[in-house]
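Novice: If you're matching them up, the sequences are chains A and B in order.
Using the numbering used here, you'd call the opening residue of the first sequence number 1338 and step up by one each time.
Using the numbering used here, you'd call the opening residue of the second sequence number 210 and step up by one each time.
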Amino acid sequence: MSEVATAKPGQAYVDAVRQSFGAAVQEESWQADNQVTLTVDLNSLPDIVEALYYHHDGWLSTIAANDERKLNGHYALYYILSMEGATKSYVVIRGLVPANRPEFPSVTPRVPATVWGEREARDMFGLQPVGLPDERRLVLPDDWPDDLYPLRKDTMDYRTRPPIAADTETYKFISTAGGGSAEVPLGPLHITSDEPGHFRLFVEGEEIVDADYRLFYIHRGMEKLAETRMGYNEVPFLVDRICGICGFTHSVAYVSSVETALKIQIPERVHFIRTILLEVERLHSHLLNIGLACHFVGFDTGFMQFFRVREKAMTMAELLTGARKTYAMNLVGGVRRDILKAERIRTLELIRELRKEVTALLDILVSTPNMLARTKNVGRLEPQVARDYSPVGPVIRASGHARDTRVDHPYCAYKGAPVRTHTREGCDVFSRVIIRGEEFHDSLAIIEYCLDQMPEGPILVEGFTYTPHRFALGYTEAPRGEDVHWTMLSDNQKLYRWRCRAPTYANWPPLRYMLRGNTVADAPLIVGSIDPCYSCTDRVTLVDVRKRTSKTLPYNEIERYCRDRTGSPLK
Amino acid sequence: MLKLLQELFRAGDATVKYPFAPAPSNPNFRGKPEYNPKRCIACAACTIACPANALTMTTEPAAGKRTWMLDYGQCIFCARCEEVCPTGAIVLSKDVELAVRNRADLMVTADFTLRNCGSCKTPFAPDKEVGYVIALLIRSGLPADQAERRRELFETCPDCRRHAEVMRRVENARLMEVRP
Chain A
1338 MSEVATAKPG QAYVDAVRQS FGAAVQEESW QADNQVTLTV DLNSLPDIVE ALYYHHDGWL
1398 STIAANDERK LNGHYALYYI LSMEGATKSY VVIRGLVPAN RPEFPSVTPR VPATVWGERE
1458 ARDMFGLQPV GLPDERRLVL PDDWPDDLYP LRKDTMDYRT RPPIAADTET YKFISTAGGG
1518 SAEVPLGPLH ITSDEPGHFR LFVEGEEIVD ADYRLFYIHR GMEKLAETRM GYNEVPFLVD
1578 RICGICGFTH SVAYVSSVET ALKIQIPERV HFIRTILLEV ERLHSHLLNI GLACHFVGFD
1638 TGFMQFFRVR EKAMTMAELL TGARKTYAMN LVGGVRRDIL KAERIRTLEL IRELRKEVTA
1698 LLDILVSTPN MLARTKNVGR LEPQVARDYS PVGPVIRASG HARDTRVDHP YCAYKGAPVR
1758 THTREGCDVF SRVIIRGEEF HDSLAIIEYC LDQMPEGPIL VEGFTYTPHR FALGYTEAPR
1818 GEDVHWTMLS DNQKLYRWRC RAPTYANWPP LRYMLRGNTV ADAPLIVGSI DPCYSCTDRV
1878 TLVDVRKRTS KTLPYNEIER YCRDRTGSPL K
Chain B
210 MLKLLQELFR AGDATVKYPF APAPSNPNFR GKPEYNPKRC IACAACTIAC PANALTMTTE
270 PAAGKRTWML DYGQCIFCAR CEEVCPTGAI VLSKDVELAV RNRADLMVTA DFTLRNCGSC
330 KTPFAPDKEV GYVIALLIRS GLPADQAERR RELFETCPDC RRHAEVMRRV ENARLMEVRP
């Protein structure tokens, strides 16, 4: 790594902002050596974010809105940028929005990546982004009252269920396709399943000309719950449950945000234990996605074999944490369970078995003709679209951009660990699958390295001081990509604001570009290739642009068509 | 294709016989919390630690009763209760079979008697907790008779103790003033 050894790698970006927009910068505060927050004049905010994003190799991590009326009389917006130019640092651009006039200039026309963050800030806080091209709701359902903003401090208790405000669905699906296309709604919306989403594909014959989708049907209100009902040290157990696959990486991101905010020195051994478990999680997550890719191309034997070996990774998780999922390992200040000799030996055994079996299976997968035919040049994400939308993880790496939080902003014990950024130029589903395979092998090597290099020492620090209203960022590279948590402490052993951005949130907006130009039969494969928390993305509407017809299909029907490619549901 | 078949034959059966044979278990596994009411002193440490509110406690001063409750339906098996319990009354087992036919069967409760304050006669702490404090003093080296002599103190509620202490100091101060 050619990291410049300055004490504060973000200083270069701060200087650049001051040079071009000196008058607009109101305040500069450092949360850590690689985290700086600049409070700027609200009207200059779009200029500054655009300059950092496009002229200084910035990528958008997320936007955190906050109701700071109790603290300084304003709402605040934090545009969190991961700067990945010559020096790597997080730079947060903060704008204060007046309480009596909750409006701010939208950044989306200049930086498309901010679109979801700004729509969510409007839904949750009632802050109007002036000039935002997409004015639809993002998170709130159609039947939610107009003037109730859930995350404002004075609006509602977390148990409040407001009366239903509308009976009809008012959400408009948007298409750039001309009048000739047909609409395909994908799958029935299953309210009993855990992760529904509504996809609408605009097709001409079999070809997708555009796609739109609506998610957040099962928004769980976790941010509100954590801020009101839970203590800051109980939140790690809630965070574990954000995702059924990568919960641990969320909990590391959360606790490290609090640890950075409170400036707690974490023992080295903790960093190594966390790194091992982060990689164990990547093992089973990548195997799951590779298995699903097999399933979607009709190679079900491969699917079952990958799930068989995945069980070894689950055994490893159970051995090291006491549970297959929801490890409950993290507390602010350390971890709750040590890795002892017997566990170390068994883990190394499992790694040897996994390496052998997965290598063999990946060879078989790559030489399966059907796999290549179905995934090469399918679901292309062009590098420029990727640049505009800041997707993360294997999705961006398969489009030629070298972004990996483990390498760019080394956390835990990743500095010095055998971790590499795997990139490919294929931009397609195949590249994403191959990158996952390569990263799987890296993960095995990282676990071995950590078990070997792990220093002795305590695994938990206690007796730190809870300082009110400090805030900081926590970040990890989840199997699906960068995972960001922004946390501000309150003054009552709770959190004032907790903003969590899971990797898939960054990967959804560019998905429509990946779907364009492909056939309907490839849609589930493409959606699956971003590895979304997807298990029940259950509804597809197919819209035929030419015939102006629309037809709703159950998900299993479109999935069957994806596997067999016979008996088109469009006919 | 041949390689795949070879791999399939090599791998063999991957499934287990559960439920017809016991499921393979791991010594580190965190399963159903087992509660031993004999050891419990109703100190409420676990109910404060529980992130999921599966552990709760209600106090009915009129009935002189405190009820400890564990709802297995809400438990997330994190073992925070086991970590904070001073007496080892709750320990996570390897048991994963929690299914019941009736929702109420997921609830475990235990009732504890409250001790009335020796002075004001209102209930203030679980009887067993007071006993535990005295036992702890003996355990840490205080002779049994001396510990027993402090029983009256421990059986007084904090309010009455504070009041008594203030009165004692006032009396002392008065005596000091009387002296030349």
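Glycine is no exception: its CB is placed at the ideal position from the N, C-alpha and C atoms.
Computed from a predicted model, the values in this text were never measured in an experiment.
1. Restricting to Cα atoms, I'd like to know which of A/Ile1417, A/Ala1843 and A/Ile1610 is closest to A/Cys1787.
2. Using the Cα positions of A/Ser1530 and A/Arg1897, report the straight-line distance between them to the nearest angstrom.
3. Between which two residues does the beta strand (DSSP E) holding A/Glu1814 run?
4. Measure from the C-beta of B/Lys303 to each C-beta in chain A and report whether the shortest distance is under 8 Å.
5. Can you check which of these residues, A/Glu1719, A/Phe1643, A/Thr1841 and A/Leu1538, is closest to A/Glu1814 by C-alpha distance?
6. Cβ of A/Gly1581 less than 8 Å from any chain B Cβ?
7. Taking only beta-carbon positions, decide if A/Gln1830 is within less than 8 Å of chain B.
8. Name the chain B residues that come within less than 9 Å of A/Phe1574, Cβ to Cβ?
9. Identify each residue in the region 1620 to 1650 of chain A for which the Cβ-Cβ distance to at least one residue of chain B is less than 9 Å, and report them in chain order.
10. Within the 8 Å Cβ cut-off, does B/Ala232 reach chain A?
11. Given a cut-off of 8 Å on the beta-carbon distance, is the pair A/Gly1811 and A/Thr1597 in contact?
12. Would you please verify whether the beta carbon of A/Ile1688 is less than 8 Å from any beta carbon of chain B?
13. Three-state secondary structure (DSSP) at A/Val1821?
14. Quick one: is A/His1806 buried, meaning 16 or more other Cβ sit within 10 Å of its Cβ, or exposed?
15. DSSP beta-bridge partners for A/Gly1395?
16. What's the C-alpha gap between A/Pro1466 and A/Glu1455?
17. Have a look at A/Tyr1591 and A/Phe1585 and give me their C-alpha separation to the nearest angstrom.
18. Along the region 212 to 241 of chain B, what residues have a CB closer than 8 Å to any CB found in chain A?
19. With 16 other CB atoms within 10 Å as the buried threshold, where does A/Gly1716 fall?
20. Let's test the definition: count the other Cβ atoms within 10 Å of the Cβ of A/Thr1513 and tell me whether it reaches 16, buried, or not, exposed.
21. Would you be able to state if there are at least three C-beta pairs under 8 Å between the region 264 to 284 of chain B and the region 343 to 363 of chain B?
22. Closest by CA to A/Val1444, which one among A/Ser1426, A/Asp1471 and A/Phe1462?
23. Listed from N- to C-terminal order along the chain, which residues in the region 1682 to 1714 of chain A have their beta-carbon within a distance smaller than 9 Å of any beta-carbon of chain B?
24. For A/Gly1736, which residues from the same chain have a beta carbon less than 6 Å from its beta carbon, with the 5 sequence-adjacent residues on both sides left out?
25. Nearest by alpha-carbon distance to B/Ala251: which of B/Phe286, B/His372, B/Pro335 and B/Glu364 is it?
26. Kindly list, in the order they appear in chain B, the residues whose Cβ is closer than 8 Å to that of A/Met1420.
27. Determine the DSSP secondary structure at A/Glu1896, reduced to helix, strand or coil.
28. Ends of the beta strand (DSSP E) at A/Gln1372?
29. Per DSSP, which residues does A/Gln1465 bridge with? Please list them.
30. Who does A/Asp1547 pair with in a DSSP beta bridge?
31. Are at least three pairs of beta-carbons, each pair with one atom in the region 356 to 375 of chain B and one in the region 314 to 333 of chain B, less than 8 Å apart?
32. What residues from chain B crowd round A/Glu1457, counting only those whose CB sits closer than 9 Å?
33. Taking the continuous alpha helix (DSSP H) assigned at A/Asn1570, which residues delimit it?
34. For A/Ile1430, report the span of its beta strand (DSSP E) as first-last.
35. For A/Glu1762, which residues in the same chain have their Cβ closer than 7 Å to its Cβ, ignoring the five residues on either side in sequence?
36. Can you tell me whether A/Gly1395 is buried or exposed? The criterion is at least 16 other CB atoms within 10 Å of its CB, across all chains shown.
Specialist: Looking at the atomic coordinates:
1. Here residue 1787 of chain A is taken as the residue at index 450 of the first sequence, counted from 1. Ranking the options by Cα distance to A/Cys1787, first place goes to A/Ile1610.
2. Residue numbering aside, residue 1530 of chain A sits at position 193 when the first sequence is read from its first letter. Residue numbering aside, residue 1897 of chain A sits at position 560 when the first sequence is read from its first letter. Confidence is the limiting factor: at A/Ser1530 the pLDDT is only 35, short of 50, which leaves the residue's position unreliable, though a coordinate-based value still follows. Going from the Cα of A/Ser1530 to the Cα of A/Arg1897 covers about 19 Å.
3. For the purposes of this step, residue 1814 of chain A is taken as residue 477 along the first sequence, with counting starting at 1. Run containing A/Glu1814: Phe1808 to Ala1815, per the beta strand (DSSP E) assignment.
4. The residue you call residue 303 of chain B lines up with position 94 of the second sequence. Chain A, which has no Cβ nearer than 8 Å to the Cβ of B/Lys303, makes this no.
5. On the first sequence, residue 1814 of chain A is found 477 positions in, with the first residue counted as 1. Here the closest residue by C-alpha is A/Thr1841.
6. Stepping through the first sequence from its first residue, residue 1581 of chain A is reached at position 244. Answer no: the Cβ-Cβ gap between A/Gly1581 and chain B never drops below 8 Å.
7. For the purposes of this step, residue 1830 of chain A is identified with residue 493 of the first sequence, where counting begins at 1. By this cut-off, A/Gln1830 is not an interface position.
8. Walking along the first sequence from the start, residue 1574 of chain A turns up at place 237. Neighbours of A/Phe1574 on chain B, chain order: Pro260, Ala261, Ile285, Cys287 and Arg289.
9. Thr1638, Gly1639, Met1641, Gln1642, Phe1644, Arg1645, Val1646 and Glu1648
10. Numbered from 1 along the second sequence, position 23 holds the residue referred to as residue 232 of chain B. Output row for B/Ala232: interface = no.
11. Position 474 of the first sequence, counted from the start, is the residue given in the question as residue 1811 of chain A. Position 260 of the first sequence, counted from the start, is the residue given in the question as residue 1597 of chain A. Yes, Cβ-Cβ distance for A/Gly1811 and A/Thr1597 is below 8 Å.
12. Position 351 of the first sequence, counted from the start, is the residue given in the question as residue 1688 of chain A. By this cut-off, A/Ile1688 is not an interface position.
13. Translated into the one-based positions of the first sequence, residue 1821 of chain A becomes position 484. Three-state DSSP puts A/Val1821 in a strand.
14. Taking the first sequence and counting its residues from 1, the one referred to as residue 1806 of chain A is at position 469. A/His1806 should be labelled exposed.
15. Sequence index remark: in the first sequence, residue 1395 of chain A carries index 58 (1-based). In the DSSP output, where bridge partners are listed per residue, A/Gly1395 has A/Met1420.
16. Within the first sequence, numbered from 1, the residue matching residue 1466 of chain A stands at position 129. Within the first sequence, numbered from 1, the residue matching residue 1455 of chain A stands at position 118. Cα-Cα distance, rounded: 7 Å.
17. Along the first sequence, one-based indexing puts residue 1591 of chain A at 254. Along the first sequence, one-based indexing puts residue 1585 of chain A at 248. So the two alpha carbons sit approximately 10 Å from each other.
18. Lys212, Leu213, Glu216, Leu217, Ala220, Ala223, Asn235, Asn237, Phe238 and Arg239
19. Start at 1 with the first residue of the first sequence, and residue 1716 of chain A comes out as number 379. By the neighbour-count rule (16 or more Cβ atoms within 10 Å), A/Gly1716 is buried.
20. As a first step, residue 1513 of chain A must be located in the first sequence, where it is residue number 176. So A/Thr1513 counts as exposed.
21. no
22. Your numbering for residue 1444 of chain A matches position 107 in the first sequence. Taking only the C-alpha atoms, the option nearest A/Val1444 is A/Asp1471.
23. Glu1694, Ala1697, Leu1698, Asp1700, Ile1701, Ser1704 and Thr1705
24. The residue you call residue 1736 of chain A lines up with position 399 of the first sequence. Here residue 1736 of chain A is Ser; the residue named in the question, Gly, does not match the sequence. Closer than 6 Å at Cβ, skipping near neighbours: Leu1718, Pro1720, Ala1723 and Cys1764.
25. Against the second sequence, residue 251 of chain B aligns to sequence position 42. Closest option to B/Ala251, Cα to Cα, is B/Pro335.
26. Along the first sequence, one-based indexing puts residue 1420 of chain A at 83. Neighbours of A/Met1420 on chain B: none; closest Cβ ~35 Å, over 8 Å.
27. Position 559 of the first sequence, counting from 1, holds the residue named residue 1896 of chain A. Note: A/Glu1896 maps to helix in three-state DSSP.
28. Against the first sequence, residue 1372 of chain A aligns to sequence position 35. Residues Gln1372 to Val1377.
29. In the first sequence, the residue the question calls residue 1465 of chain A occupies position 128. A/Glu1440, per the DSSP bridge assignment.
30. Here residue 1547 of chain A refers to the residue found at position 210 when the first sequence is read from its first residue. Answer is A/Phe1539.
31. yes
32. On the first sequence, position 120 is the one that residue 1457 of chain A refers to. The premise fails here: A/Glu1457 is roughly 26 Å from chain B at the closest Cβ pair, so nothing lies under 9 Å.
33. To locate residue 1570 of chain A, count along the first sequence from 1; it is residue 233. Element bounds for A/Asn1570: n/a, residue is neither H nor E.
34. Reading the first sequence from its first residue, position 93 is the one you call residue 1430 of chain A. Counting along the chain, the beta strand (DSSP E) containing A/Ile1430 begins and ends at Lys1425 to Pro1435.
35. Here the question's residue 1762 of chain A lines up with position 425 in the first sequence. Excluding residues within five positions, the ones whose Cβ falls inside 7 Å are Gly1737.
36. The sequence position of residue 1395 of chain A within the first sequence is 58, counting from 1. Counting Cβ neighbours within 10 Å, A/Gly1395 comes out buried, since at least 16 surround it.
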